[in-house]
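Participant:
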Amino acid sequence: MTTSDKSPHLDHDTVRAVADLARLNLTDEEVVRFAGQLGQVLAHAEKLQTVDTADVPPTPYVLSLANVAREDEPAPGLSQEEALANAPEQDRGFFRVKSFFGS
Amino acid sequence: MAAPDLTTLTVSAARDGLRSGAWTSEELTAGYLERIRSVDPSVHAFLHVADELALVKAVEADRVRAEGHGEPPPLLGVPLAVKDVLSTQEMDTTCGSRILKGYRPPFTATAVERLQAAGSVLLGKTNTDEFAMGSSTENSGYGPTRNPWDLTRVPGGSSGGSAAAVACGLAPGALGTDTGGSVRQPAAFCGIVGLKPSYGRISRYGLVAFGSSLDQIGPLCRSVEDAALLLEVMAGRDPRDSTTVPEPVPAYSRDLDGDVSGLRLGVPEEYFIDGMQPEVEGRVRDAVEHMAGLGAEIVPVSLPHTDMALPVYYLVVTAEASANLSRYDGVRFGHSAQAGSMTENYRQTRAQGFGDEVKRRIMLGTYALSVGYYDAYYLKAQQVRTLIKRDFDRVFRQVDLLICPATPTTAFEIGDRIDDPLSMYLADVFTLSVNLAGVCGISLPCGTDAAGLPVGLQLIGPHLGEQSLLNAAHAYESTTDWHARVPDPIA
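Sequences listed follow chains A and B, in order. So the first sequence is numbered by the working numbering: it starts at 47 and just counts up by one. So the second sequence is numbered by the working numbering: it starts at -13 and just counts up by one.
1. Between which two residues does the beta strand (DSSP E) carrying V194/B extend?
2. Among the candidates R170/B, L249/B, F258/B and E306/B, whose CA atom is the shortest distance from the CA of A278/B?
3. Going residue by residue through the stretch 139 to 199 of chain B, where are the continuous beta strand (DSSP E) segments of at least 3 residues, counting only ones entirely within it?
4. Looking only at its chain, what residues have a beta carbon closer than 8 Å to the beta carbon of T49/A, apart from the 5 residues adjacent to it on each side?
5. Enumerated in chain order, which unbroken segments of the beta strand (DSSP E) with a length of 3 residues or greater are wholly contained in the stretch 315 to 400 of chain B?
6. For P440/B, which of helix, strand or coil comes out of DSSP?
7. Could you name the residues of the same chain whose beta carbon sits closer than 8 Å to that of F141/A, not counting the 5 residues immediately before and after it, in chain order?
8. Leaving aside the five residues before and after K87/B along the sequence, list all residues of the same chain whose C-beta is less than 7 Å from its C-beta, in chain order.
9. For N113/A, count neighbouring Cβ atoms within 10 angstroms of its own Cβ and tell me buried if that reaches 16, exposed if not.
10. How long is the line joining the alpha carbons of Q263/B and A65/A, rounded to whole angstroms?
11. For L42/B, report the span of its alpha helix (DSSP H) as first-last.
12. What is the C-beta distance between L504/B and L66/B, in whole angstroms, given that I count them as a contact (C-beta under 8 Å)?
13. Entirely within the stretch 236 to 289 of chain B and at least 4 residues each: give me those alpha helix (DSSP H) ranges in chain order.
14. With distance defined between alpha-carbon atoms, name the residue in Y300/B, T393/B and A104/B nearest to P431/B.
15. Please compile the residues from chain B whose C-beta is within a distance smaller than 8 Å of the C-beta of H58/A.
16. Output yes if chain A places a C-beta closer than 8 Å to the C-beta of L72/B; else output no.
17. At a Cβ threshold of 8 Å, is P205/B touching chain A?
18. I'd like the ranges of any alpha helix (DSSP H) spanning at least 4 consecutive residues and lying wholly in the stretch -13 to 26 of chain B.
19. Between the C-alpha atoms of V298/B and N457/B, what's the straight-line distance to the nearest angstrom?
20. Can you name the residues of chain A whose CB is closer than 9 Å to the CB of K345/B?
21. Under 8 Å Cβ to Cβ from R471/B, same chain only, skipping five residues before and after it: list those, please.
22. What are the partner residues of L72/B, as DSSP defines its beta bridges?
23. Are the C-beta of G268/B and some C-beta of chain A separated by less than 8 Å?
24. Can you tell me whether DSSP reads T49/A as helix, strand or coil?
25. Check each candidate in V64/B, F196/B, H460/B and C426/B and name the one with the smallest Cα separation from A157/B.
26. Quick one, which residues of the stretch 284 to 305 of chain B are near chain A if we go by CB-CB under 8 Å, in chain order?
27. Would you check if the distance between the CB atom of I404/B and the CB atom of L445/B is smaller than 8 Å?
28. Can the beta-carbon of L161/B be found less than 8 Å from the beta-carbon of P130/B?
29. In the DSSP assignment, find the unbroken alpha helix (DSSP H) run with F40/A in it and report its ends.
30. Does the beta-carbon distance from S73/B to T114/B come in below 8 Å?
31. Quick check on R116/A - is its C-beta less than 8 Å from some C-beta in chain B?
32. How about S429/B and G442/B: do their beta carbons lie closer than 8 Å?
33. Short of 8 Å in beta carbon distance, which residues of its chain neighbour H276/B, apart from the five on each side in sequence? Order them along the chain.
34. With 8 Å set as the bound, which would you pick, yes or no: does the beta-carbon of L156/B sit closer than that to a beta-carbon of chain A?
35. With 16 other CB atoms within 10 Å as the buried threshold, where does L311/B fall?
36. Determine which residues of the stretch 92 to 115 of chain B have a Cβ less than 7 Å from any Cβ of chain A, and write them out in chain order.
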């Protein structure tokens, strides 16, 4: 029940690069804190490297069901009004997005 | 008319009283709403309470019963609570997150729809760690839930609201979701029964996705029979969830005979570890003895990859979560920061809307999936997941079920682990493997520690082994009194 695993810090540039991929603004304080906390979790995960997985297939999903399809029958879907009901901004029946040129 | 004691009322007793005319759904529902008003300010189990809507549904259920056309649906008029990660068309669904404040889904989850089709009355939506990410319900964006046994302690999580609500009689039963232990661990901390069905047994349609290869809906209740009853109503193939299995759904609650003679119960040595609370080990060992006394054959077994479950889980689940949570973009629903450009709006919306733990998991998952780390982390974790699953496949050729603790400790203090993610993750160390292998597990009360806090016993069964799992749990419950204990009244 120990959490005193060695806690290497992920470097701050890596944390910022990952946050960029995740489209997530982090404050400088969060960068420092997450670097330490994520580093600790990744250090714990290092023990996976001690397991021999040569010729072991990955398990992305535990069932053996494959190519499951339902009957292709027409059925009512959401109305435009229902689909837009939660939109922060809408315009003439569309979701309105912010300008993406130059962003 | 005898007013029922709501602090001990089970789903099946509520149903029986409705059938016999001992009480009406309107009386029951009004009674629960009154208790929620008086008790929940101290516990904070609910995020939304249905109030008038629940009473309208209750009156309607009473009318259907009075009109009496044929056999009434199995849960007609029974009030239930639902974790706020399950979509409900008639109530907000926030997942405990600020990013979904005020979100009203345009559809209802299949599991909830089936409970409603069976006649039940939705009392409200219960608190949860944000997007079910946590083991204490402290990660809720709307404040923590408190454990009814000791208000300074956590109820467990992430289905802590549902567990606390059932434990102190704010609902006779509730739905939770279990991705790594989020039904069984809070059930253990709150002294009630929590079932994690096999992957594919209950439709995930309308369950807001967290770790899609692991998520499963499960009931939290006061008895094993209730868990069986709710399972049989919700289980089965759903054309809207391609991962539901086609196997027919047994009448689980009817076939609980409590006979475990000759049942082979495996005791996995890896589930009794250094650092676990000695009282937890003691009570669980007592329970093993008790099952032997009922005629079960006790077999020592080994699941050698158990200590790999925690790192495998936190790489797999965060990878899946980082992909699932990319949908929160401030465009179609939920919070929008209203920043000037599109990408900056994504970044600020997510920075403002998500809490710390959700951000950490998105970061960890994005890292594990990124170029250069994918093979070392994500692929490696999926390979070791195969070995964990093979451990279970092998052990279930030797024994029928496994018996072990649900958690390494009893409920911890609010605030104790919130700044130390790894110590928080360790609260689920005995439940994670069950999700990784896709098998079924149940937690039920088996004693208390010196402080009077509940200890949870876990039984684990093979994929679709729910009948045997529930039967063994029922055998234990019906020959012990731990399930009958309730916390002291809360003002």
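Ideal placement from N, C-alpha and C gives every residue a C-beta, glycine not left out. Keep in mind that this is a model prediction, so the values were computed, not measured.
Facilitator: Looking at the coordinates:
1. Taking the second sequence and counting its residues from 1, one reaches residue 194/B at position 208. In the DSSP assignment, V194/B falls outside any beta strand (DSSP E), carrying neither H nor E.
2. Stepping through the second sequence from its first residue, residue 278/B is reached at position 292. Minimum Cα distance to A278/B is reached at L249/B.
3. 159 to 163 and 179 to 182
4. Translated into the one-based positions of the first sequence, residue 49/A becomes position 3. Only weak support is given to the placement of T49/A: the predicted model assigns it a pLDDT of 40, under 50, and the question is left unresolved by the model.
5. 387 to 391
6. Against the second sequence, residue 440/B aligns to sequence position 454. Residue state, collapsed to three classes: strand.
7. Along the first sequence, one-based indexing puts residue 141/A at 95. Result list for F141/A: L130, A133 and E135, in chain order.
8. As a working mapping, residue 87/B is identified with position 101 in the second sequence. Same-chain partners within the cutoff: T80 and H321.
9. Numbered from its first residue, the first sequence carries residue 113/A at position 67. With fewer than 16 other Cβ atoms within 10 Å, it is exposed.
10. As a position in the second sequence, residue 263/B is number 277, starting the count at 1. As a position in the first sequence, residue 65/A is number 19, starting the count at 1. Spanning the two alpha carbons is a distance of roughly 38 Å.
11. As a first step, residue 42/B must be located in the second sequence, where it is residue number 56. Checking the displayed sequence, the identity of residue 42/B turns out to be Val instead of Leu. Counting along the chain, the alpha helix (DSSP H) containing V42/B begins and ends at E38 to E53.
12. Examination of residue 504/B is not possible in this model, given that chain B is present from -13 through 477 alone.
13. 264 to 279
14. Locating residue 431/B in the second sequence gives position 445, where the first residue counts as 1. For P431/B, the nearest C-alpha among the options comes from T393/B.
15. The residue you call residue 58/A lines up with position 12 of the first sequence. By Cβ distance, chain B contributes nothing, its closest Cβ being about 13 Å from H58/A, past 8 Å.
16. Position 86 of the second sequence, counted from the start, is the residue given in the question as residue 72/B. Residue-level contact by beta carbon fails for L72/B and chain A, as no gap is shorter than 8 Å.
17. Taking the first residue of the second sequence as position 1, residue 205/B is located at position 219. Not one beta carbon of chain A lies nearer than 8 Å to the beta carbon of P205/B.
18. -3 to 6
19. By one-based count along the second sequence, residue 298/B stands at place 312. By one-based count along the second sequence, residue 457/B stands at place 471. For V298/B and N457/B, the distance between alpha carbons rounds to 31 Å.
20. In the second sequence, the residue the question calls residue 345/B occupies position 359. In chain order: A65, A68, L70, L72, E76 and F80.
21. Here residue 471/B is taken as the residue at index 485 of the second sequence, counted from 1. Here the set comprises G177, P431, T434 and P440.
22. Here residue 72/B is taken as the residue at index 86 of the second sequence, counted from 1. DSSP output for L72/B lists L193/B as bridge partner(s).
23. Counted from its first residue, the second sequence places residue 268/B at position 282. For G268/B, the answer is no, since every Cβ of chain A falls outside 8 Å of its Cβ.
24. One-based indexing of the first sequence puts residue 49/A at position 3. In this prediction, T49/A scores a pLDDT of 40, lower than 50, which makes its location untrustworthy; the coordinate-derived value is nonetheless stated afterwards. Under the three-state reduction of DSSP, T49/A is assigned to coil, being neither helix nor strand.
25. On the second sequence, residue 157/B is found 171 positions in, with the first residue counted as 1. If we check each option's Cα against that of A157/B, V64/B comes out closest.
26. Of all residues in the stretch 284 to 305 of chain B, only H291, D293, M294, L296, P297, V298, Y300 and L301 place a beta-carbon less than 8 Å from a beta-carbon of chain A.
27. Within the second sequence, the letter at position 418 stands for residue 404/B. Within the second sequence, the letter at position 459 stands for residue 445/B. For I404/B and L445/B, no; Cβs fall outside 8 Å.
28. For the purposes of this step, residue 161/B is identified with residue 175 of the second sequence, where counting begins at 1. For the purposes of this step, residue 130/B is identified with residue 144 of the second sequence, where counting begins at 1. Not a contact, by the Cβ cut-off of 8 Å.
29. Nothing about residue 40/A can be read from this structure; chain A reaches only from 47 to 149.
30. On the second sequence, position 87 is the one that residue 73/B refers to. On the second sequence, position 128 is the one that residue 114/B refers to. No, the Cβ-Cβ distance between S73/B and T114/B is not below 8 Å.
31. Taking the first sequence and counting its residues from 1, the one referred to as residue 116/A is at position 70. Taking Cβ atoms only, chain B reaches closer than 8 Å to R116/A, which makes this a yes.
32. Walking along the second sequence from the start, residue 429/B turns up at place 443. Walking along the second sequence from the start, residue 442/B turns up at place 456. Their beta carbons are under 8 Å apart, which means S429/B touches G442/B by this criterion.
33. Within the second sequence, numbered from 1, the residue matching residue 276/B stands at position 290. If we look at H276/B and ignore the five residues flanking it on each side, its Cβ neighbours are Y462, T465 and T466.
34. Within the second sequence, residue 156/B is the residue found at index 170, counting from 1. Chain A contact via Cβ: absent.
35. For the purposes of this step, residue 311/B is taken as residue 325 along the second sequence, with counting starting at 1. Under a 10 Å Cβ-count criterion, L311/B is classified as buried, with 16 or more other Cβ atoms of the shown protein chains found around its own Cβ.
36. Cβ proximity to chain A below 7 Å picks out P92 from the stretch 92 to 115 of chain B.
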